[in-house]
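The number in the numbering used here is simply the position in the sequence shown, starting from 1, with 1 added.
Each residue gets a CB set at the ideal place from its N, CA and C atoms; glycine is no exception.
Notes for the one structure printed next.
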Amino acid sequence: MPLVTAACLLEHAQANTYAIPSFNFHDLVDLQAIVTAAEAEAAPVILMASEGTIRFAGFPYIEALARVAASQAKVPLALHLDHGRELDNIMKGIRHGFTSVMFDGSHLAYAENVRLTNWVVDVAHRAGISVEGELGQIPGTEDDISVAEQAAGMTDPGLVAEYVERTGVDALAVAIGTAHGLYKGEPQLDFDRLAAIRQAAVIPLVLHGGTGVPDATVRQAINLGICKLNVGTDLRLAYTGSIDQALKEHEINDPRPLLDIAREAVIEVVRDKIRLCGASGQAKAIKAQL
Numbered sequence: 002m003p004l005v006t007a008a009c010l011l012e013h014a015q016a017n018t019y020a021i022p023s024f025n026f027h028d029l030v031d032l033q034a035i036v037t038a039a040e041a042e043a044a045p046v047i048l049m050a051s052e053g054t055i056r057f058a059g060f061p062y063i064e065a066l067a068r069v070a071a072s073q074a075k076v077p078l079a080l081h082l083d084h085g086r087e088l089d090n091i092m093k094g095i096r097h098g099f100t101s102v103m104f105d106g107s108h109l110a111y112a113e114n115v116r117l118t119n120w121v122v123d124v125a126h127r128a129g130i131s132v133e134g135e136l137g138q139i140p141g142t143e144d145d146i147s148v149a150e151q152a153a154g155m156t157d158p159g160l161v162a163e164y165v166e167r168t169g170v171d172a173l174a175v176a177i178g179t180a181h182g183l184y185k186g187e188p189q190l191d192f193d194r195l196a197a198i199r200q201a202a203v204i205p206l207v208l209h210g211g212t213g214v215p216d217a218t219v220r221q222a223i224n225l226g227i228c229k230l231n232v233g234t235d236l237r238l239a240y241t242g243s244i245d246q247a248l249k250e251h252e253i254n255d256p257r258p259l260l261d262i263a264r265e266a267v268i269e270v271v272r273d274k275i276r277l278c279g280a281s282g283q284a285k286a287i288k289a290q291l
């Protein structure tokens, strides 16, 4: 089936109190793993490519991989540009078949974030593509985007309703205590803040920095309105860790067996995250609505 918009998936998740698991992929191997796991769980998923991945592989390759995956998949898939800060990349993503884009204006002054996000929404919606915005800053590192923890501001619930109305975004990434990359300790999410944001927003909410967050914490966040969970580092750790272990245990000079090992390791992580999000078995209902 063709790629669908992220908004289509998120609306169903919001109506049924679960989250769409969203995974960063970098090459054929982890893309195959994500789709294989999604089919095994009969779950919709969002395939995400960051600006760093696009620099690595290029828009044409990312587009081709995702389109082939969607054409063969038995579950709904969306292709999302994650943490797009460069407007040129947003435009290229739209031209290269992405069905969802995130404009990350969180590093900008509020008024400029609103202005540019609204511009992206106008362009993307004309092309039938959904848009995720971000209000507040999520600390840690996402590819080459770093935010000092002490300077990272959480989402202000008092600005949420105005931001959503003025920008027209389809989904909102919120900063409530998660971080990109690996945590130094157990993350402490501000659930009171999340509840206030949910009260102010009528659109699906997105939680970045899903790696390392305890399962019980993720479930509580979903119950309080999170409809999209982003996962990237967990997949990279499974991919590289499984290859590293195999090379320690065996003398292998053919990359294909190593990539088979990596694919299986990523599949297990993805299936676990899908179950955690409550997305298993949801593909059938979404396909019936398309």
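Are the Cβ atoms of residue i and residue j separated by less than 7 Å?
i	j	result
residue 280	residue 262	no
residue 162	residue 196	no
residue 49	residue 28	no
residue 313	residue 97	Look at the range of the chain in this structure, 2 to 291, and you will see that residue 313 is not part of it.
residue 236	residue 267	yes
residue 74	residue 36	yes
residue 203	residue 239	no
residue 25	residue 211	no
residue 121	residue 169	no
Distance, Cα to Cα, residue i vs residue j?
i	j	result
residue 241	residue 10	30 Å
residue 109	residue 251	49 Å
residue 147	residue 3	Since pLDDT at residue 147 reaches only 46, below the 50 mark, its modelled position is unreliable, and the value read off the structure follows with that caveat. Their Cα atoms are separated by approximately 34 Å.
residue 138	residue 156	7 Å
residue 332	residue 32	Given a span of 2 to 291 for the chain in the structure shown, any question on residue 332 remains unanswerable.
residue 224	residue 256	42 Å
residue 265	residue 34	7 Å
residue 119	residue 277	33 Å
residue 192	residue 21	20 Å
residue 129	residue 226	25 Å
residue 286	residue 5	14 Å
residue 56	residue 70	21 Å
residue 199	residue 249	48 Å
residue 68	residue 289	21 Å
residue 167	residue 133	14 Å
residue 88	residue 99	14 Å
residue 72	residue 66	10 Å
residue 272	residue 58	25 Å
Got a sec? Which residues, its chain only, sit under 6 Å from residue i by beta carbon, not counting five neighbours each side?
i	result
residue 205	11, 15, 172 and 228
residue 7	47, 79, 81, 101 and 131
residue 114	106
residue 60	93 and 97
residue 117	106
residue 86	105
residue 90	52
residue 126	none
residue 176	137, 138, 139, 155 and 156
Between residue i and the ligand GDP, is there a pair consisting of the residue's CB and a ligand heavy atom that are separated by less than 6 Å?
i	result
residue 36	Inclusion of the ligand GDP in the displayed structure is not the case, the ligand content being empty and no account of it being possible.
Please return the same chain residues whose Cβ sits closer than 8 Å to the Cβ of residue i, not counting the five positions on each side in sequence.
i	result
residue 283	13, 14, 17, 19, 43, 44 and 45
residue 144	Annotation note: pLDDT 48 at residue 144 (below 50); position unreliable, no value reported.
residue 160	111 and 136
residue 245	none
residue 275	22, 38, 39, 42, 44, 46 and 281
Leaving aside the five residues before and after residue i along the sequence, list all residues of the same chain whose C-beta is less than 7 Å from its C-beta, in chain order.
i	result
residue 222	190, 195 and 208
residue 253	247 and 259
residue 214	179 and 188
Taking only runs of the beta strand (DSSP E) that begin and end inside the segment 184-227, which ones reach a length of at least 3 residues, in chain order?
206-208
Which ranges would you report for the alpha helix (DSSP H) in the segment 219-286 if only whole runs of at least 4 residues count?
234-250 and 256-278
Complete alpha helix (DSSP H) runs within the segment 61-118 (minimum length 4 residues, chain order)
88-96
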